[in-house]
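These protein sequence lines are chains A and B, in that order. Going by this note's numbering, 72 is the number at position 6 of the first sequence; the sequence numbering is gapless. Going by this note's numbering, 327 is the number at position 309 of the second sequence; the sequence numbering is gapless. Every residue gets a Cβ at the ideal spot worked out from N, C-alpha and C, and that includes glycine. Here's the structure, in structure tokens; my notes come after.
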Amino acid sequence: MVTILKNNESLTPYVFYTSFLRDVALYIKDNNNIEFKLFENGDNFIYESKYRIDPITIPLLLSLMEQLSKFYEEPLKFHLFNNKATKDSLNFLFKSGFFNIAGSNNYSPYGRNILNFDINYLGGFGQKDPRPEHRVRCYSLFDNSLKKRLTNYKSEDEQRDFLISEYVYLVREHFQELLFDNDNTYLNSDYYIEILSELITNGVLHSKSNTFALMFVNQFSTKFSISDNGIGFEESLKLKKEGFLYKPNELKSSLDELRLLNINDRILHNLNYVVETLFFSSLKDRRGLFDLMVSVVLNSNGYFRLHSENSQIIISNRMRNELDVLYKLRNRLYDIYKEILITKVDQSGFKDEMILIKNQLLANFKILYKNLCDKYNNDFKYSSLRFFNVKFRGVHIEVEIPNRIS
Amino acid sequence: MIISHINTEHYAYFKLHAEEVISSNYLNDNNEGIYIRSLQFETVNRVYEHIKSIALNNKYIVLDFEFIDYLQANILDKIVDVRDLGYHLVFINLAPSILTSLSVKTVVNHKNVKNTIKGFDIFYFFSDESCEMYDVEINSRKIFYEEFKSRLKKGNYIVEYNKVHTSSFVYLKSFIDLKKFISHETPFIYFSIYYLAVKLKKKWSSYLDKNPILVGQSLTSAFVVSILSKLLKLQILIFDKIGPITKLYNKLDKPNFENKNYIIVSDLVCLGTEVKITKNLIEFSGGKYLGNISLVKVETLTRDDMRLDNIDRTISVFSVSDKNNIELNYNIYTNLKPS
């Protein structure tokens, strides 16, 4: 069986992508089934063993396990141990709601039947409790009759707006207290609540099933992690139609031609689709993923890690110059859209300018892409790009907002 | 349910913050009360559906953004949808933080009135050279006051009485039947209580973090208190032992009053007798009385004789005073001859 928490190694998102996913893939290849063990040494070496999990890995774990349980059409076997060495991590997972969501309880929060474990191990934890807000949440269109209520809205954009506002109320209830603990997020809590809601909305709309989210705050930063099992960027883009500005794969095909990275073709395609998605978003007449990502970096000095299938892009302050240019162009384009909407003037008067901006956006996305690739080729360890051999379906986002004081 | 819709002679008025308070506290499970500062799509969509379902007599709609500091992204599209139902929109009380989301710079109109904090007091969301609305005063407090007054009159809630007041030695020409008003004037009554919550928050802002307790002292005030407690996130104490018959008819419970702050809530304060009794009971038991609020109050003294800092001055959303008592057919008199 595959070990989740190894002795003396904290399970962070990085470890999850680099080694844990590989362990899972190899095990499935050899055994054609999957079984998990939460703690490496189990009931042995209890005085020598130490386990730790970075809380924002929990949504990733749930997302992966849900995919596998759907594939095998049954809850996955999950072995627990409750002893001196495992007690604290087990307690944290228990209090974070991990077992509620992964299990089969039929009260709120409803279990999603992902894992098969013995609940008798869950108890006797002593006094130390994590904060009640540090809890993993599961969002789905099947909750609160959302699916039915969505049908009240005809256009896809309105459905999104409705879902975002619905999640704003939920996210506020779930995570607002944590935002008050970071000076940076405290002053703009409504804005961060909306970011989280928008990411959850993207997740539930694309995945058509569960999206897992968790927010964690410590003295240095506030982090949130959102993970879904959706169709991913490539399939989503295939659904987009050619418009006045957007031509499908225009950016991607020119990136494909550049071939700046010496990596597997499939993985390179995957990366280029991520960039194409951001380009598409920057051309839209509505605020969306691109705006949100850039504002996290430019306004809050934060990090935005975007993982899809085999690649991850880390958008951060290091790209400030390129992002500044893109953001200005994007805002000008957005302003034109709003002017057309408000004044109802004929779009044709703006046509030339809009096409010009679009071409500039296209060129600047290429510049950003080239810079990213150059840095990766020089020193991939400190690059903003990461590639993984094991494909992890869906979109997985981590946002980190540093505490202003620290 | 839209609580803030008021039709005036020239326009239809909506207070978006009040509607957001309903969306977040009642239609969803948030417990932010009136402290909520962001406006969501669901709220604007409710307003849109409401306007769509009824035919407004006016072609102008005033949207009041007071207390809104943040707008959900893309909400402007829905606001434009409201306009495209065939109306001209006027925004009032725009905070600087929401100007970009509303793309205000797109609309050029020299009649728009900027305020000292770089927001807009009035923003006409159209560019017409001349318009009848430019000369119409838009003041949200006045709109509410006029609406309250007209509903009191229209619904015949002021009932001819000409008898002795039940708790004071005066005669009442008529009495205001607020019980009936509360029962019949939904959803407007929720808007009134919303305003009362806003006033309470403003008046006792420095005390609110000390969790003052709202005291209800009659059946109707218990109704008001229960909603206020949700809107202001405050605890309540129901003191239903003080009748209009000026006597305690039951033994008091013995909650621990020591070192706690109390605000007395009434539906109507006429001469303030019950308020004073309740105040004495609270103070006698060791609690601190902060003041009292009421939906309606009767101003029997001039404002100079009952100043704002007077602890016994009632905070209310509607006053019966020398300015309107004749119009409302309300009076209090004694057997003595006026000089």
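Item to check | CB of F59 (chain B) within 8 Å of CB of I21 (chain B), strictly | outcome: If you number the second sequence from 1, residue 59 (chain B) lands on position 41. If you number the second sequence from 1, residue 21 (chain B) lands on position 3. Their beta carbons are not under 8 Å apart, which means F59 (chain B) does not touch I21 (chain B) by this criterion.
Checklist entry - Sorted by chain position, which residues of the same chain lie with C-beta nearer than 6 Å to F158 (chain A)'s C-beta, five sequence neighbours on each side aside? => result Position 92 of the first sequence holds residue 158 (chain A). Counting only Cβ-Cβ distances below 6 Å, and skipping sequence neighbours, we find P196.
Item to check | Segments assigned alpha helix (DSSP H), at least 4 residues, entirely inside the stretch 335-401 of chain A | outcome: 355-366
Checklist entry - Are the stretch 455-469 of chain A and the stretch 123-132 of chain A in contact at 8 Å, needing three or more beta carbon pairs? => result yes
Checklist entry - Which residues in the same chain as S472 (chain A) place their Cβ atom closer than 6 Å to its Cβ, once the five residues preceding and following it in sequence are excluded? => result The residue labelled residue 472 (chain A) in the question sits at position 406 within the first sequence. With a pLDDT of 45 at S472 (chain A), under the threshold of 50, the modelled position of that residue is not reliable, and no figure is offered here.
Checklist entry - In whole angstroms, what is the alpha-carbon distance linking H183 (chain B) and K294 (chain B)? => result For the purposes of this step, residue 183 (chain B) is identified with residue 165 of the second sequence, where counting begins at 1. For the purposes of this step, residue 294 (chain B) is identified with residue 276 of the second sequence, where counting begins at 1. C-alpha separation (whole angstroms): 16 Å.
Checklist entry - Can you give the Cα-Cα distance for L354 (chain B) and V243 (chain B), rounded to whole angstroms? => result Counting from 1 along the second sequence, the entry for residue 354 (chain B) is found at position 336. Counting from 1 along the second sequence, the entry for residue 243 (chain B) is found at position 225. The alpha-carbon atoms of L354 (chain B) and V243 (chain B) are separated by roughly 38 Å.
Next on the checklist: Tell me the rounded alpha-carbon separation between I433 (chain A) and L344 (chain A).
Outcome noted: Residue 433 (chain A) sits at position 367 when you count from the first residue of the first sequence. Residue 344 (chain A) sits at position 278 when you count from the first residue of the first sequence. Approximately 14 Å between the Cα atoms of the pair.
Checklist entry - Can you list the residues of chain B that I423 (chain A) reaches, using a CB-CB cut of under 9 Å? => result The sequence position of residue 423 (chain A) within the first sequence is 357, counting from 1. Within 9 Å Cβ-Cβ: nothing; I423 (chain A) doesn't reach chain B, min ~17 Å.
Checklist entry - According to DSSP, which residues form a beta bridge with M281 (chain A)? => result As a working mapping, residue 281 (chain A) is identified with position 215 in the first sequence. Looking at the DSSP assignment, M281 (chain A) forms a beta bridge with A:F290.
Next on the checklist: Based on DSSP bridge pairs, tell me the residues matched to Q253 (chain B).
Outcome noted: Translated into positions along the second sequence, residue 253 (chain B) becomes position 235. Looking at the DSSP assignment, Q253 (chain B) forms a beta bridge with B:I231.
Next on the checklist: Using C-beta distances below 6 Å, list every residue in its chain close to A168 (chain A), excluding the 5 sequence neighbours before and after it, in chain order.
Outcome noted: Taking the first sequence and counting its residues from 1, one reaches residue 168 (chain A) at position 102. Once the five neighbours on either side are set aside, the close Cβ partners of A168 (chain A) are I180, L181.
Checklist entry - Apart from the five residues on each side of it in sequence, which residues of its chain come closer than 8 Å, Cβ to Cβ, to Y189 (chain B)? => result As a working mapping, residue 189 (chain B) is identified with position 171 in the second sequence. Taken in chain order, the residues that qualify are N180, K181, V182, H183, I350, Y351, T352, N353.
Item to check | Contacts that F228 (chain A) makes with chain B (C-beta to C-beta distance below 8 Å) | outcome: For this step, residue 228 (chain A) is matched to residue 162 along the first sequence. Correct list: F59, E60, N63.
Checklist entry - What residues match up with V283 (chain B) in a beta bridge as DSSP calls it? => result Residue mapping note: residue 283 (chain B) aligns to position 265 of the second sequence, counting from 1. DSSP, once it has assigned bridges, lists B:G234, B:I311 as partnering V283 (chain B).
Next on the checklist: Going by DSSP in three states, A30 (chain B) sits in which element: helix, strand or coil?
Outcome noted: As a first step, residue 30 (chain B) is located in the second sequence; it is residue number 12 there, counting from the start. Reduced to three states, the DSSP call for A30 (chain B) is strand.
Next on the checklist: Please list, in chain order, the chain B residues whose beta carbon lies closer than 8 Å to that of E243 (chain A).
Outcome noted: Along the first sequence, read from residue 1 onward, the residue named residue 243 (chain A) stands at position 177. Residues of chain B passing the Cβ test: none, with the nearest at roughly 12 Å.
Item to check | Secondary structure of Y208 (chain B), DSSP reduced to three states | outcome: In the second sequence, counting from the first residue as 1, residue 208 (chain B) sits at position 190. It is helical.
Next on the checklist: Please tell me whether I408 (chain A) has its Cβ less than 8 Å away from any Cβ of chain B.
Outcome noted: Position 342 of the first sequence holds residue 408 (chain A). By this cut-off, I408 (chain A) is an interface position.
Next on the checklist: Please classify I344 (chain B) as buried or exposed, where buried requires at least 16 other C-beta atoms within 10 Å of its C-beta.
Outcome noted: As a first step, residue 344 (chain B) must be located in the second sequence, where it is residue number 326. So I344 (chain B) counts as exposed.
Next on the checklist: So R396 (chain A) contacts chain B; which residues on that side make the cut at Cβ distance below 8 Å?
Outcome noted: Counting from one through the first sequence, the residue named residue 396 (chain A) turns up at place 330. Result: empty, since nearest Cβ-Cβ is about 13 Å, beyond 8 Å.
Next on the checklist: Suppose the cutoff is 6 Å on Cβ atoms and the five residues either side in sequence are ignored; what does the same chain contact list for S263 (chain A) look like?
Outcome noted: Your numbering for residue 263 (chain A) matches position 197 in the first sequence. Only I230, Y233, V234, V237 meet the Cβ criterion.
Next on the checklist: So that I know if they touch, is there some Cβ in chain A lying closer than 8 Å to that of R321 (chain B)?
Outcome noted: By 1-based counting over the second sequence, the position of residue 321 (chain B) is 303. Not one chain A Cβ lies under 8 Å of R321 (chain B).
Checklist entry - Which residue or residues does DSSP assign as beta-bridge partners of V177 (chain B)? => result Position 159 of the second sequence holds residue 177 (chain B). DSSP, once it has assigned bridges, lists B:F193 as partnering V177 (chain B).
Item to check | Nearest-angstrom beta carbon gap, F102 (chain A) and V81 (chain A) [assumed within contact, 8 Å] | outcome: To locate residue 81 (chain A), count along the first sequence from 1; it is residue 15. To locate residue 102 (chain A), count along the first sequence from 1; it is residue 36. Actually they do not touch by this definition, with Cβ atoms about 15 Å apart.
Item to check | Endpoints, beta strand (DSSP E) assigned at L71 (chain A) | outcome: Taking the first residue of the first sequence as position 1, residue 71 (chain A) is located at position 5. Here the beta strand (DSSP E) through L71 (chain A) covers 68-71.
Checklist entry - Is the shortest distance between the beta-carbon of K116 (chain A) and the beta-carbons of chain B less than 8 Å? => result As a first step, residue 116 (chain A) is located in the first sequence; it is residue number 50 there, counting from the start. No, K116 (chain A) does not count as interfacial toward chain B.
Next on the checklist: Between I423 (chain A) and V125 (chain B), how many whole angstroms is the CB-CB distance? I'm expecting something under 8 Å.
Outcome noted: The count along the first sequence starts at 1 and reaches residue 423 (chain A) at position 357. The count along the second sequence starts at 1 and reaches residue 125 (chain B) at position 107. Actually they do not touch by this definition, with Cβ atoms about 22 Å apart.
Checklist entry - Does any CB atom of chain B fall closer than 8 Å to the CB of R203 (chain A)? => result Locating residue 203 (chain A) in the first sequence gives position 137, where the first residue counts as 1. Not closer than 8 Å to any Cβ of chain B, the Cβ of R203 (chain A) fails to qualify, so no.
Checklist entry - Checking contacts by CB at 8 Å: is R353 (chain A) closer than that to chain B? => result Within the first sequence, numbered from 1, the residue matching residue 353 (chain A) stands at position 287. Yes, R353 (chain A) counts as interfacial toward chain B.
Checklist entry - Is S97 (chain B) helix, strand or coil by DSSP? => result Locating residue 97 (chain B) in the second sequence gives position 79, where the first residue counts as 1. Here residue 97 (chain B) turns out to be Ile, not Ser, going by the sequence shown. Correct three-state label for I97 (chain B): helix.
Next on the checklist: Please list, in chain order, the chain A residues whose beta carbon lies closer than 9 Å to that of A91 (chain B).
Outcome noted: Residue mapping note: residue 91 (chain B) aligns to position 73 of the second sequence, counting from 1. By Cβ distance, chain A contributes D227, I230, E260, E264, R352, R353, G354, D357, L358.
Item to check | In DSSP terms, what K306 (chain B) is bridged to | outcome: Walking along the second sequence from the start, residue 306 (chain B) turns up at place 288. Its beta-bridge partners are B:N279.
Next on the checklist: So, at 6 Å on beta carbons, what are the nonlocal neighbours of K221 (chain B) in its own chain, with the 5 sequence-adjacent residues on each side left out?
Outcome noted: The residue labelled residue 221 (chain B) in the question sits at position 203 within the second sequence. Contacts found: I333.
Checklist entry - Beta-carbon of Y142 (chain B) versus every beta-carbon of chain A: anything under 8 Å? => result As a first step, residue 142 (chain B) must be located in the second sequence, where it is residue number 124. Closer than 8 Å: no.
Checklist entry - What residues from chain A crowd round D258 (chain B), counting only those whose CB sits closer than 8 Å? => result Taking the first residue of the second sequence as position 1, residue 258 (chain B) is located at position 240. Neighbours of D258 (chain B) on chain A: none; closest Cβ ~33 Å, over 8 Å.
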